[in-house]
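Working notes for the structure below.
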Amino acid sequence: MNDKWSPREVVHRDYSSHPPAYAPGYKTSVLRSPKNALISLQNSLSEITGPVFSRDDLGPLDNDLILNYAKEGLPIGERIIVHGYVRDGFGRPMKNTLVEVWQANAGGRYRHKKDQYLAPIDPNFGGCGRVLTDENGYYCFRTIKPGPLPLAQPGQRLASGAYPFFSSRATPGPSA
6 MNDKWSPREV VHRDYSSHPP AYAPGYKTSV LRSPKNALIS LQNSLSEITG PVFSRDDLGP
66 LDNDLILNYA KEGLPIGERI IVHGYVRDGF GRPMKNTLVE VWQANAGGRY RHKKDQYLAP
126 IDPNFGGCGR VLTDENGYYC FRTIKPGPLP LAQPGQRLAS GAYPFFSSRA TPGPSA
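Residue numbering for the sequence shown is 6 to 181, as defined by the numbering used here.
Structure (structure tokens):
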């Protein structure tokens, strides 16, 4: 047995500040929510220490999805602000945390070669951005309201999360 992969301590967290994962009124949660109780593991050294980003690593428009990809004009769509806070499993603010987003354009299409939805690509909208949280864990993006995504018809399957622009790190949890 390789000691490097030994089990980590299970940590009990308070999930009361989160909405329920299973909400029958929200149809996609019925299929996508975990069937078993969530398991939280103690963070490993790599999750605590790295990678480290500074504000110098980000461009001035990285969190402005309206301007960060604009070439010959502004993107089509209703302007919105998406903002919030990043907290750890105990509710404490996570400062200097990199938040990356990707989204569909106003027509509901992602800028990715595997997205073949019939909506056109907006040449002035890239659909991705990033920002570091402030001292209180706060982040803010300026963007457009994404258009509706097509729903699967009987006999079809749609992939969710198939278009990452950046790598991401997920907290280990149970498989659904």
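In this text, a Cβ means the ideal position worked out from N, Cα and C, and glycines have one as well.
Checklist entry - When DSSP labels each residue in this structure, what does arginine 92 get in the three-state scheme? => result Secondary structure of arginine 92 (DSSP, three-state): strand.
Checklist entry - From leucine 137 to leucine 66, what does the alpha carbon distance come to, in whole angstroms? => result Distance from the CA atom of leucine 137 to the CA atom of leucine 66, rounded to whole angstroms, is 12 Å.
Checklist entry - Secondary structure at aspartate 61, three-state DSSP: helix, strand or coil? => result Looking at aspartate 61 - three-state DSSP - the assignment turns out to be helix.
Checklist entry - Going along the chain, which residues of its own chain have a beta-carbon closer than 8 Å to the beta-carbon of arginine 135, five neighbours each way excluded? => result Scanning its chain for C-beta atoms nearer than 8 Å, with the 5 sequence neighbours on each side dropped, one finds around arginine 135 the residues Leu63, Asp67, Asn68, Leu103, Val104, Glu105, Val106 and Phe171, in chain order.
Next on the checklist: Helix, strand or coil, according to DSSP, for leucine 72 in the structure here?
Outcome noted: DSSP places leucine 72 outside both helix and strand once states are collapsed to three, so it counts as coil.
Checklist entry - In terms of DSSP beta bridges, what is glycine 134 paired with? => result DSSP, once it has assigned bridges, lists Val106 as partnering glycine 134.
Item to check | Three-state secondary structure assigned by DSSP to glycine 113 | outcome: In this structure, DSSP gives glycine 113 a state outside helix and strand, which the three-state scheme calls coil.
Checklist entry - Should asparagine 141 be labelled buried (16 or more other beta-carbon atoms within 10 Å of its own) or exposed? => result Its Cβ having fewer than 16 others within 10 Å, asparagine 141 is exposed.
Checklist entry - To the nearest angstrom, how far is it from the Cα of proline 24 to the Cα of glycine 30? => result In this model, proline 24 and glycine 30 are separated by some 13 Å (Cα to Cα).
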